[in-house]
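K.L.:
Read in order, the letters of the sequence shown are residues 4 to 481 in our numbering.
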Amino acid sequence: MAGIVSYGAYIPYYRLPRSVINKAWGRGGGRGEKAVAGFDEDSITMSIAAGLDCLKRTDPKTVDALFLATTTAPYKERQNSTIAATALDLRRDARNADFANCLRAGTTALLSALDAVNAGSLKSVLVTAADTRLGGASGENEQAFGDGSAAFLLGNKGVAVEIEGSYTLSDDLADYWRAHEDTFVRAWEDRFGRDEGYMKIPAEAAAGVMKKYNLAPKDFAKVCFYGANSRAHAALGGEMKFKPEQIQEPLLDTVGNTGAALPLMILVAALENAKAGDRILLVSWGNGSDAIVLRVTEQIEKIRDRRGIKRHLDIKRTLDNYGRYLRWREMVPLDPPTRHEGGLASMAAQWREHATALPLYGVKCKQCGTPQLFQSASSTHARICLECFAKDNFEPYRFADKRAKLVSFSHDYLGGGIDPPTTAAIIDFDGGGRGAFNMVDRDPDECQVGIGVEMTFRKLRYLLGSHTYVWKCKPVRD
């Protein structure tokens, strides 16, 4: 039976307490915190981060497709999933697809991947879901929305979680929506969306899948379902006839409502503590509902080493400055930098570097085994080995999945940008190779020569409607 072979997740490093938001607007209180994507993160970069976690110890060249789900895609006309697939080092003939415009996109992508595997047209499909939705300043959605991503590898060999069946309802009930020109999510009167939509349709989908497969609430160890807020989430669990101990914690107080990624992130959290034989019900919400029945196998014990949700929750830094959050989200105009950022958005340059810069490939000498990473805007590639001086005797060598040590660094406070200072780092990779990268997710005071770093895929700039993506480094924290 086809199902989930591996899982992964990503939660951004920074967390914004809701009390900080309320304080900025002259209000008190505020329960919990929400995860905030860095100034250089978006749905593509977070999908890649979750994908890397999911593909741990898996050769990306064995993956036949990438299905990327999001309601906040950076591009409206350019395939976002192909950017992610290239950075993840999938094959060029992999089938990539974007699933968008609906909070149910994550489970829709999951079911589409399952159908492809069951049909035999694809043997292995990576599904990612990520969102960075924005709520207007001082509103309820600003407090509720968080950023995050999840990933699942589907196949029919080494299945850790069998997908036993599903049931879908599609209803054009518009509780939340966003038009082409909208920056912030719009919402209708909350009682309408709650009473006519959220409290009815997912419960109907859950009842439908249980009737279809002759199951009852008592047959499930956990139920994972989308939650707009904690009160409504608990009420829907009761409407579905599940006991409180069966309801998986929805991450709303620690991460926030991550949109299309939320039900899949909740599922990852459930799988981290699941045991063989457990049956799990996954229910999404958004212009309808998908209800999916899953059963855990003994293979789950072989994929316990993912960062997933549990470890990412522990890797965090509190963002205690609301103005910094507004700056990152570009919700306030900024004073121009002292030194303007150079460079142009060249499609030709991006294409020249697509096979090396996006997946971060260098070369390895076949004669002495020395890795080299050439970073050049002119696509200059190594021809002479720096160690043994052999000529044109190299094989491709990927650096994106290698850890490194910080050799040297400097902080630039004059260059401007959204989040000064810019930290430039020289790093030596484990196994050989040296490179120059910007360092992110760091406190300038914690930077010390010799600390461990790892690679992270981020945005460099946005010019002329084009996002330029590069690899950066960040401190290892686990």
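C-beta atoms are modelled at their ideal positions from N, C-alpha and C, and glycine is treated no differently.
Model, not experiment: these values are computed from the prediction.
Bridge partners for Tyr-17 per DSSP, in chain order?
P.N.:
For the purposes of this step, residue 17 is taken as residue 14 along the sequence shown, with counting starting at 1. Answer is Val-39, Arg-320.
K.L.:
According to the neighbour-count rule (16 or more other Cβ atoms, all chains shown, within 10 Å of its Cβ), is Ala-380 buried or exposed?
P.N.:
For this step, residue 380 is matched to residue 377 along the sequence shown. Interpretation of Ala-380 is limited by its pLDDT of 47, a score under 50 that renders its predicted location unreliable; no figure is taken from the coordinates.
K.L.:
In the DSSP output, what is His-183 paired with across the bridge?
P.N.:
As a working mapping, residue 183 is identified with position 180 in the sequence shown. The partner list for His-183 (beta bridge, DSSP) is empty, contrary to what the question assumes.
K.L.:
So for Ile-24, helix, strand or coil by DSSP?
P.N.:
For the purposes of this step, residue 24 is taken as the residue at position 21 of the sequence shown. Helix, per DSSP.
K.L.:
Please classify Trp-28 as buried or exposed, where buried requires at least 16 neighbouring CB atoms within 10 angstroms.
P.N.:
As a working note, residue 28 is residue 25 in the sequence shown. The residue in question, Trp-28, is exposed, as its Cβ has fewer than 16 Cβ neighbours within 10 Å.
K.L.:
Note down the Cα distance separating Met-350 from Leu-58, rounded to an integer number of angstroms.
P.N.:
Position 347 of the sequence shown, counted from the start, is the residue given in the question as residue 350. Position 55 of the sequence shown, counted from the start, is the residue given in the question as residue 58. Computed Cα separation, rounded: 29 Å.
K.L.:
Round the Cβ separation of Ser-173 and Ala-294 to the nearest angstrom and send it over; I've been treating them as touching at under 8 Å.
P.N.:
For this step, residue 173 is matched to residue 170 along the sequence shown. For this step, residue 294 is matched to residue 291 along the sequence shown. So it is not a contact: roughly 13 Å between Cβ atoms.
K.L.:
Can you name the start and end residues of the beta strand (DSSP E) that Gly-365 belongs to?
P.N.:
If you number the sequence shown from 1, residue 365 lands on position 362. Run containing Gly-365: 364-368, per the beta strand (DSSP E) assignment.
K.L.:
So the alpha helix (DSSP H) Leu-239 belongs to, where does it begin and stop?
P.N.:
Working through the sequence shown from its first residue, we reach residue 239 at position 236. Note, Leu-239: alpha helix (DSSP H), 233-242.
K.L.:
Between Pro-63, Ala-272, Leu-361, which has its C-alpha nearest Ile-14's C-alpha?
P.N.:
Walking along the sequence shown from the start, residue 14 turns up at place 11. Ranked by how close their Cα comes to the Cα of Ile-14, the residues Pro-63, Ala-272, Leu-361 have Ala-272 in first place.
K.L.:
Under 8 Å, with one C-beta from each stretch per pair, do the region 31-51 and the region 105-118 reach the 3-pair mark?
P.N.:
no
K.L.:
Are Leu-91 and Ser-127 closer than 8 Å when you measure CB to CB?
P.N.:
As a position in the sequence shown, residue 91 is number 88, starting the count at 1. As a position in the sequence shown, residue 127 is number 124, starting the count at 1. It is not a contact, given that the beta carbons lie outside the stated cut-off.
K.L.:
Near Arg-98, what residues of its chain come up, given a Cβ to Cβ distance below 6 Å and the 5 sequence neighbours on each side ignored?
P.N.:
As a position in the sequence shown, residue 98 is number 95, starting the count at 1. So the qualifying residues of the chain are Ala-68.
K.L.:
When burial is assigned at 16 or more other CB atoms within 10 Å of the CB, is Pro-266 buried or exposed?
P.N.:
Residue 266 sits at position 263 when you count from the first residue of the sequence shown. Buried, by the Cβ-count rule.
K.L.:
Does the region 245-253 touch the region 209-229, meaning 3 or more C-beta pairs lie closer than 8 Å?
P.N.:
yes
K.L.:
State the Cα-Cα distance for the pair Asn-276 and Val-23, rounded to the nearest angstrom.
P.N.:
Here residue 276 corresponds to residue number 273 of the sequence shown, with the count starting at 1. Here residue 23 corresponds to residue number 20 of the sequence shown, with the count starting at 1. The alpha-carbon atoms of Asn-276 and Val-23 are separated by roughly 32 Å.
K.L.:
Pick from Cys-368, Gly-435, Arg-480, Asp-256: whose alpha carbon is nearest that of Lys-319?
P.N.:
Walking along the sequence shown from the start, residue 319 turns up at place 316. The option with the nearest alpha carbon to Lys-319 is Arg-480.
K.L.:
Ser-382 by DSSP, collapsed to three states: which one?
P.N.:
Along the sequence shown, read from residue 1 onward, the residue named residue 382 stands at position 379. At Ser-382 the pLDDT is 47, less than 50, meaning the model places this residue with poor confidence and gives no usable figure here.
K.L.:
Which residues bound the beta strand (DSSP E) around Ala-103?
P.N.:
Position 100 of the sequence shown, counting from 1, holds the residue named residue 103. Where Ala-103 is concerned, the enclosing beta strand (DSSP E) stretches over 98-103.
K.L.:
When you compare the CB positions of Ile-166 and Lys-225, do they come within less than 8 Å of one another, or not?
P.N.:
Translated into positions along the sequence shown, residue 166 becomes position 163. Translated into positions along the sequence shown, residue 225 becomes position 222. Against a cut-off of 8 Å, the Cβ pair of Lys-225 and Ile-166 comes out as no contact.
K.L.:
If you run the structure through DSSP and keep just helix, strand and coil, what is Leu-117?
P.N.:
As a working mapping, residue 117 is identified with position 114 in the sequence shown. If DSSP states are grouped into helix, strand and coil, Leu-117 belongs with the helices.
K.L.:
Bridge partners of Phe-228, per DSSP?
P.N.:
Working through the sequence shown from its first residue, we reach residue 228 at position 225. For Phe-228, which the question treats as bridged, DSSP gives the partners Val-286.
K.L.:
Would DSSP call Trp-191 helix, strand or coil?
P.N.:
Residue 191 sits at position 188 when you count from the first residue of the sequence shown. Of the three classes helix, strand and coil, the one that applies to Trp-191 here is coil, per DSSP.
K.L.:
On the DSSP letters alone, give me the boundaries of the alpha helix (DSSP H) that Ile-421 sits inside.
P.N.:
Working through the sequence shown from its first residue, we reach residue 421 at position 418. Segment: none, Ile-421 is in no alpha helix (DSSP H) and carries neither H nor E.
K.L.:
Where do the N-terminal and C-terminal ends of the beta strand (DSSP E) with Leu-71 fall, by residue?
P.N.:
Taking the first residue of the sequence shown as 1, we reach residue 71 at position 68. Element bounds for Leu-71: 68-73.
K.L.:
Near Ala-88, what residues of its chain come up, given a Cβ to Cβ distance below 7 Å and the 5 sequence neighbours on each side ignored?
P.N.:
For the purposes of this step, residue 88 is taken as residue 85 along the sequence shown, with counting starting at 1. Excluding sequence neighbours, Ala-88 sits near Leu-69, Ala-97, Asn-99.
K.L.:
Only counting the same chain, and skipping five residues up and downstream in sequence, which positions put a Cβ closer than 7 Å to that of Arg-445?
P.N.:
Walking along the sequence shown from the start, residue 445 turns up at place 442. Around Arg-445, the same chain offers Thr-426, Lys-477, Pro-478 as residues with beta carbons nearer than 7 Å, after the five sequence neighbours per side are excluded.
K.L.:
Excluding the five sequence neighbours on either side, which residues of its own chain have a C-beta within less than 8 Å of the C-beta of Ser-382, listed in chain order?
P.N.:
Taking the sequence shown and counting its residues from 1, one reaches residue 382 at position 379. Summary for Ser-382: the model assigns pLDDT 47, below 50, so the residue's position carries little reliability; its value from the coordinates is reported in the next sentence. Result list for Ser-382: Arg-355, Glu-356, Thr-359, in chain order.
K.L.:
If Val-130 sits next to Asn-159, beta carbons under 8 Å apart, how far is it from one beta carbon to the other, in whole angstroms?
P.N.:
As a first step, residue 130 is located in the sequence shown; it is residue number 127 there, counting from the start. As a first step, residue 159 is located in the sequence shown; it is residue number 156 there, counting from the start. Contact doesn't hold; Cβ gap of about 15 Å is too wide.
K.L.:
Checking the sheet assignment: what are the DSSP bridge partners for Pro-374?
P.N.:
Numbered from its first residue, the sequence shown carries residue 374 at position 371. Answer is Lys-367.
K.L.:
Which term fits Arg-95, buried or exposed, when burial requires 16 or more other beta carbons within 10 angstroms of its beta carbon?
P.N.:
Translated into positions along the sequence shown, residue 95 becomes position 92. Answer is exposed; the Cβ neighbour count stays below 16.
K.L.:
Just checking my contact of Ser-152 with Met-49 at CB under 8 Å: how many whole Å lie between their CB atoms?
P.N.:
Within the sequence shown, numbered from 1, the residue matching residue 152 stands at position 149. Within the sequence shown, numbered from 1, the residue matching residue 49 stands at position 46. Contact holds; Cβ gap of about 4 Å.
K.L.:
Following the continuous alpha helix (DSSP H) through Arg-355, name the residue where it begins and the one where it ends.
P.N.:
Start at 1 with the first residue of the sequence shown, and residue 355 comes out as number 352. Here the alpha helix (DSSP H) through Arg-355 covers 350-355.
K.L.:
Tell me the DSSP secondary structure of Ser-292 in three-state form.
P.N.:
By 1-based counting over the sequence shown, the position of residue 292 is 289. Three-state DSSP puts Ser-292 in a strand.
K.L.:
Would you identify the three-state DSSP class for Tyr-400, choosing helix, strand or coil?
P.N.:
For this step, residue 400 is matched to residue 397 along the sequence shown. Strand at Tyr-400.
K.L.:
Considering only the beta carbon of each residue, do Gly-240 and Arg-107 sit closer than 8 Å?
P.N.:
By one-based count along the sequence shown, residue 240 stands at place 237. By one-based count along the sequence shown, residue 107 stands at place 104. No, they are not a contact pair.
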